[in-house]
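As structure tokens, the structure follows; a few thoughts come after it.
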Amino acid sequence: MMAELGVGILIIPQKPWDVVRDELAQYRAAYREVNGADPLPTVCAGWTFCDPDAGRAREMAVRYIGGYWDSVLRHYELAKDHLKHTKGYEYYGRMSEIAAEHGTDALSEFFLSLQVWGTPEQCYARVADIRERVGCDTFVGCFRYAGMPVDEAERSMRLFATEVMPELKNLGTADPARQAPAESRASSA
């Protein structure tokens, strides 16, 4: 549907990056078929926490990014199986199986693994990795969530803005040819 509308994609990280990459390859192929052109680079959002100290960054990420995810789990009752057989929500239905087998802490750790947090260097590396995987041209950081104090969010955002953003800008724009996994680029050559 998105390809038919000719619009781009905003990624809200909730699935393993390899799954996102594969789904984007399908979208891009459909977009090219319908529109006769490459789609725009994706935009990726992510819950973000930046701190000069790696240990503190982890602590705050667990507290606040994990706290946000815990509120999502509760609100949508993702640890229950009501979404397992709901068309279009089957992926989320699988979360109840993971929660039953490994506990909700495993779901929170998984969500944390998808987000951008750490020292400025770690945040840069994470965004660069996401960009490489999915061909995003823009990253939108969510800096305040789960009751985080405003001063804490501002400190994190300012550190990201002064130390990470300039380095990200040096990456330039995403190359549309890089948006497809290497194996699909080779088959189209």
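If you read the sequence shown in the numbering used here, its first letter stands for residue 2, the second for the next number, and so on. Glycine included, C-beta positions come from ideal geometry on N, C-alpha and C.
- The beta carbon of Cys45 is closer than 6 angstroms to those of Ile12, Ile131, Cys137, Phe140 in its chain, skipping five residues each way along the sequence.
- Looking at the DSSP output, Leu11 bridges to Val44.
- Contact check for Trp18 against Arg134 passes: the beta carbons are separated by less than 8 angstroms.
- A contact between stretches requires three or more CB pairs, one per stretch, nearer than 8 angstroms, and the stretch 66 to 77 fails this requirement with the stretch 27 to 36.
- A Cβ-Cβ distance of about 6 angstroms is found for the pair Asp71 and Ser109, placing them in contact under the 8 angstroms criterion.
- Under a 10 Å Cβ-count criterion, Thr174 is classified as exposed, with fewer than 16 other Cβ atoms of the shown protein chains found around its own Cβ.
- With contacts defined by Cβ atoms closer than 8 angstroms, Thr163 and Asp52 do not form a contacting pair.
- The three-state secondary structure of Asp138, taken from DSSP, is strand.
- Annotation for Val117: the continuous beta strand (DSSP E) segment containing it runs 117 to 119.
- In this structure Ile10 touches Met3 by the C-beta definition: roughly 6 angstroms separates them, less than 8 angstroms.
- DSSP places Thr163 within a helical segment (H, G or I) once states are collapsed to three.
- DSSP places Asp23 inside the alpha helix (DSSP H), whose first and last residues are 18 to 36.
- For Thr87, the three-state secondary structure derived from DSSP is coil.
- Take the alpha-carbon of Asp152 and the one of Asn36: they are about 46 angstroms apart.
- Under the three-state reduction of DSSP, Thr105 is assigned to helix.
- In the three-state DSSP reduction, Phe111 falls in the helix class (H, G or I).
- A residue is called buried once 16 or more other Cβ atoms fall within 10 Å of its Cβ, and Val20, having fewer, is exposed.
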